[in-house]
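Below is one structure; the comments refer to it alone.
2 protein chains.
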Amino acid sequence: MGKESFWASDPNELLRVGKGFTLADIDPDSHAGYDGDKADGEKSLVEGAEILADQQEMLFANSRMGDDPRRVLLVLQAMDTAGKGGIVKHVMGAVDPQGVQLAAFKKPTAEELEHDFLWRIRKQVPEAGMIGVFDRSHYEDVLIGRVRELAPPEELERRYDAINEFERELVEDGTTVIKVMLHISADEQKERLAERLDRPDKHWKFNPGDIDERLLAPRYQEAYQIVFDRTATSDAPWYVIPANRKWYARLAVQHLLIDALEAMGLDWPKADYDVEEQKARLAAS
Amino acid sequence: MGKESFWASDPNELLRVGKGFTLADIDPDSHAGYDGDKADGEKSLVEGAEILADQQEMLFANSRMGDDPRRVLLVLQAMDTAGKGGIVKHVMGAVDPQGVQLAAFKKPTAEELEHDFLWRIRKQVPEAGMIGVFDRSHYEDVLIGRVRELAPPEELERRYDAINEFERELVEDGTTVIKVMLHISADEQKERLAERLDRPDKHWKFNPGDIDERLLAPRYQEAYQIVFDRTATSDAPWYVIPANRKWYARLAVQHLLIDALEAMGLDWPKADYDVEEQKARLAAS
Numbered sequence: 001m002g003k004e005s006f007w008a009s010d011p012n013e014l015l016r017v018g019k020g021f022t023l024a025d026i027d028p029d030s031h032a033g034y035d036g037d038k039a040d041g042e043k044s045l046v047e048g049a050e051i052l053a054d055q056q057e058m059l060f061a062n063s064r065m066g067d068d069p070r071r072v073l074l075v076l077q078a079m080d081t082a083g084k085g086g087i088v089k090h091v092m093g094a095v096d097p098q099g100v101q102l103a104a105f106k107k108p109t110a111e112e113l114e115h116d117f118l119w120r121i122r123k124q125v126p127e128a129g130m131i132g133v134f135d136r137s138h139y140e141d142v143l144i145g146r147v148r149e150l151a152p153p154e155e156l157e158r159r160y161d162a163i164n165e166f167e168r169e170l171v172e173d174g175t176t177v178i179k180v181m182l183h184i185s186a187d188e189q190k191e192r193l194a195e196r197l198d199r200p201d202k203h204w205k206f207n208p209g210d211i212d213e214r215l216l217a218p219r220y221q222e223a224y225q226i227v228f229d230r231t232a233t234s235d236a237p238w239y240v241i242p243a244n245r246k247w248y249a250r251l252a253v254q255h256l257l258i259d260a261l262e263a264m265g266l267d268w269p270k271a272d273y274d275v276e277e278q279k280a281r282l283a284a285s
Numbered sequence: 001m002g003k004e005s006f007w008a009s010d011p012n013e014l015l016r017v018g019k020g021f022t023l024a025d026i027d028p029d030s031h032a033g034y035d036g037d038k039a040d041g042e043k044s045l046v047e048g049a050e051i052l053a054d055q056q057e058m059l060f061a062n063s064r065m066g067d068d069p070r071r072v073l074l075v076l077q078a079m080d081t082a083g084k085g086g087i088v089k090h091v092m093g094a095v096d097p098q099g100v101q102l103a104a105f106k107k108p109t110a111e112e113l114e115h116d117f118l119w120r121i122r123k124q125v126p127e128a129g130m131i132g133v134f135d136r137s138h139y140e141d142v143l144i145g146r147v148r149e150l151a152p153p154e155e156l157e158r159r160y161d162a163i164n165e166f167e168r169e170l171v172e173d174g175t176t177v178i179k180v181m182l183h184i185s186a187d188e189q190k191e192r193l194a195e196r197l198d199r200p201d202k203h204w205k206f207n208p209g210d211i212d213e214r215l216l217a218p219r220y221q222e223a224y225q226i227v228f229d230r231t232a233t234s235d236a237p238w239y240v241i242p243a244n245r246k247w248y249a250r251l252a253v254q255h256l257l258i259d260a261l262e263a264m265g266l267d268w269p270k271a272d273y274d275v276e277e278q279k280a281r282l283a284a285s
């Protein structure tokens with residue numbers, strides 16, 4: 001557990017997908033592990049923001065001086081309106097933009113479809129020192145891919161293994177992989193879509209296709225359950241975050257990131273030059 | 001001039017490189033156009049942050065619904081320690097990370113050197129709806145390129161014209177190009193480098209090569225003057241920002257961005273679907 005004192009129990013443990021996990025058992029209204037209310041949560045988020053920014057700067061510093069290969073990859077998956085954008089804005093927004101590598105994966109282009117599904121993903125893997133964020137990811141290829149039958153069953157089967165292999169490679173290269181599914185209820189989604197239709201400043205966030213996807217929600221839940229069953233590994237764990245309360249979801253994801261960084265035991269890197277010698281050179285310049 | 005009320009006169013006018021501009025005439029200690037002190041400046045920056053974030057969101061919205069091609073490119077050039085990183089962190093850090101496209105140009109790789117100097121630059125041009133930031137840029141190829149004689153004189157000559165042509169293309173594609181040189185004094189730079197050597201948490205930001213570059217400062221000033229003479233166009237103006245006071249430089253760059261966005265006269269895009277029809281579909285879902 002991290003230095004932040006506001007968690008009653010470690011969300012890392014509470015929210016991690018373990019053996020026998022069932023998505024249907026998760027209450028999207030929950031604020032598991034956090035005793036406070038929304039106002040407390042927003043205050044805690046501000047406190048956590050500073051810790052996260054400091055930790056990331058240290059990670060970055062070590063990549064620049066000392067060739068530390070470590071990095072973090074946050075994978076965000078969710079149904080529409082569940083709050084991926086809010087996580088990027090309110091959690092990642094606190095980190096120096098120079099330390100964040102954001103990749104949003106949309107519907108694949110014709111060129112991307114000519115390659116293996118991991119081709120476009122590999123190009124966006126974060127560099128050393130960075131926190132990478134995938135807004136949607138390779139998991140789309142076994143989520144919408146399964147629900148809309150975009151690939152034959154044997155190809156879908158192959159992909160789970162390919163994903164596990166790919167993520168193991170990432171971990172071996174020094175990447176801490178954190179996979180997050182933001183979980184909202186059907187009613188909460190309905191309210192959020194309604195708000196987008198009610199407010200002219202939100203119209204651009206709505207797409208008629210969002211309702212088509214919504215109608216497929218039960219099949220997406222099944223597809224997510226298979227994803228958890230097949231790809232929740234100790235190398236690259238999944239976390240299911242109750243997300244009906246935006247403040248809680250943001251706080252929980254922030255904590256997972258802080259926890260991952262603190263587990264690295266980071267410190268400022270030692271100078272790879274002679275400090276006194278450089279002071280003398282500078283004084284003479 | 002923007003909606004922010006704290007500028008005594010428009011920094012856009014004051015700081016723009018015009019005919020007969022001479023870099024040597026600029027006082028790096030100045031806070032031209034802004035009457036307040038550091039505390040005021042920091043408060044103004046917070047106020048401006050909200051305006052900038054809102055404007056950028058509207059730009060982004062129009063790119064997503066309505067295919068508005070417009071975007072902004074901020075080019076940052078400066079000697080070491082002048083505060084490019086601080087601009088990215090404190091000015092761009094206030095904008096939703098989903099709306100910022102940051103590209104840091106380091107020493108070119110072997111592959112990059114095999115191509116024209118604009119090859120790697122073109123790949124990083126911001127997409128519609130984004131604020132792109134170049135932390136160093138194609139101008140390195142006529143700055144360090146000239147000072148360290150990395151290219152023959154005729155190639156350097158060719159590059160100024162190629163840059164003007166490239167930037168004209170960007171503008172024709174809907175890009176507002178804002179080119180900024182952060183200007184610090186030799187003494188201020190010495191202090192900032194000394195701080196990096198004094199503080200173990202800053203050692204990673206120092207490189208012995210920084211002193212080599214510092215010794216060439218007079219030649220860089222000449223190279224910058226030629227850049228201004230050759231590439232300060234009405235399409236893609238240069239601004240020289242006095243940067244001995246970090247708070248002022250940040251405020252001035254923030255203002256240039258706000259001013260560019262406000263000049264677009266942005267509003268929320270109209271829905272490209274029938275809102276009432278979608279409300280009915282949602283209610284039935």
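Chains E and C, in that order, give the protein sequences.
Residue numbering for the first sequence follows UniProt numbering, beginning at 1 and increasing consecutively.
Residue numbering for the second sequence follows UniProt numbering, beginning at 1 and increasing consecutively.
We put the CB at the ideal spot given by N, CA and C, even for glycine.
Because the structure is a prediction, the values reported are computed rather than measured.
What residue does the alpha helix (DSSP H) around residue i start on, and which one ends it?
i, result
"W247 of chain E", "246 to 262"
"M65 of chain C", "That residue, M65 of chain C, is in no alpha helix (DSSP H); it is neither H nor E in DSSP."
"A103 of chain C", "Element bounds for A103 of chain C: not the alpha helix (DSSP H) but the beta strand (DSSP E), 100 to 104."
"F6 of chain E", "No alpha helix (DSSP H) contains F6 of chain E, which DSSP labels as neither H nor E."
"H90 of chain C", "84 to 90"
"W119 of chain C", "119 to 122"
"Y160 of chain E", "153 to 172"
"I131 of chain C", "First-last for I131 of chain C: 131 to 135, but that is the beta strand (DSSP E), not the alpha helix (DSSP H)."
Within 10 angstroms of the Cβ of residue i, are there 16 or more other Cβ atoms? Answer buried if so, exposed if not.
i, result
"H115 of chain E", "exposed"
"V17 of chain E", "buried"
"W7 of chain E", "buried"
"K179 of chain E", "buried"
"L215 of chain C", "exposed"
"A24 of chain E", "exposed"
"L257 of chain E", "buried"
"T176 of chain E", "buried"
"E157 of chain E", "exposed"
"residue 291 of chain E", "With chain E represented from 1 up to 285, any question about residue 291 of chain E goes unanswered, as that position is not in the structure."
"P242 of chain E", "buried"
"L282 of chain C", "buried"
"G2 of chain C", "Reliability fails at G2 of chain C, whose pLDDT of 48 lies under 50, so the model's placement of it is uncertain and the value that follows must be treated cautiously. Result: buried."
Shorter than 8 angstroms from the beta carbon of residue i to some beta carbon of chain E?
i, result
"D80 of chain C", "no"
"Y273 of chain C", "yes"
"A223 of chain C", "no"
"R148 of chain C", "no"
"S285 of chain C", "yes"
"Q278 of chain C", "yes"
"L282 of chain C", "yes"
"M264 of chain C", "no"
State the Cα-Cα distance for the pair residue i and residue j, rounded to the nearest angstrom.
i, j, result
"G209 of chain C", "R146 of chain C", "17 angstroms"
"S137 of chain C", "A280 of chain C", "51 angstroms"
"F21 of chain C", "Q225 of chain C", "9 angstroms"
"R70 of chain E", "M65 of chain C", "38 angstroms"
"L15 of chain C", "E213 of chain E", "51 angstroms"
"residue 312 of chain E", "E165 of chain E", "The question about residue 312 of chain E has no answer here: the residues shown for chain E are numbered 1 through 285."
"I121 of chain E", "A223 of chain E", "20 angstroms"
"L73 of chain C", "D235 of chain C", "12 angstroms"
"H31 of chain C", "Q189 of chain E", "49 angstroms"
"T231 of chain E", "L266 of chain E", "29 angstroms"
"V88 of chain E", "R250 of chain E", "9 angstroms"
"A94 of chain C", "E276 of chain E", "37 angstroms"
"L150 of chain E", "K107 of chain E", "12 angstroms"
"N244 of chain E", "A186 of chain E", "10 angstroms"
"E13 of chain E", "H255 of chain E", "11 angstroms"
"L76 of chain E", "P218 of chain C", "49 angstroms"
"K58 of chain C", "D272 of chain C", "In the sequence under discussion, the amino acid at residue 58 of chain C is Met, which differs from the Lys named in the question. M58 of chain C and D272 of chain C: Cα-Cα distance of roughly 16 angstroms."
Answer with yes or no whether the minimum CB distance from residue i to chain C is below 8 angstroms.
i, result
"R192 of chain E", "no"
"S9 of chain E", "no"
"D67 of chain E", "no"
"W268 of chain E", "yes"
"I211 of chain E", "yes"
Rounded to the nearest angstrom, how far is the Cβ of residue i from that of residue j, given a contact under 8 angstroms?
i, j, result
"V240 of chain E", "M181 of chain E", "5 angstroms"
"W247 of chain C", "P269 of chain E", "About 29 angstroms; that fails the 8 angstroms criterion."
"D135 of chain E", "A104 of chain E", "4 angstroms"
"H90 of chain E", "L52 of chain E", "Rounded, the Cβ-Cβ distance is 11 angstroms, inconsistent with contact."
"A98 of chain C", "L102 of chain E", "The residue asked about is misnamed: residue 98 of chain C is Gln in this sequence, not Ala. With a Cβ gap of about 7 angstroms, Q98 of chain C and L102 of chain E count as contacting."
Mind checking which residues open and close the beta strand (DSSP E) that includes residue i?
i, result
"Q221 of chain E", "Taken as a continuous stretch (DSSP letters only), Q221 of chain E belongs to no beta strand (DSSP E), being part of the alpha helix (DSSP H) at 217 to 231."
"R71 of chain E", "71 to 78"
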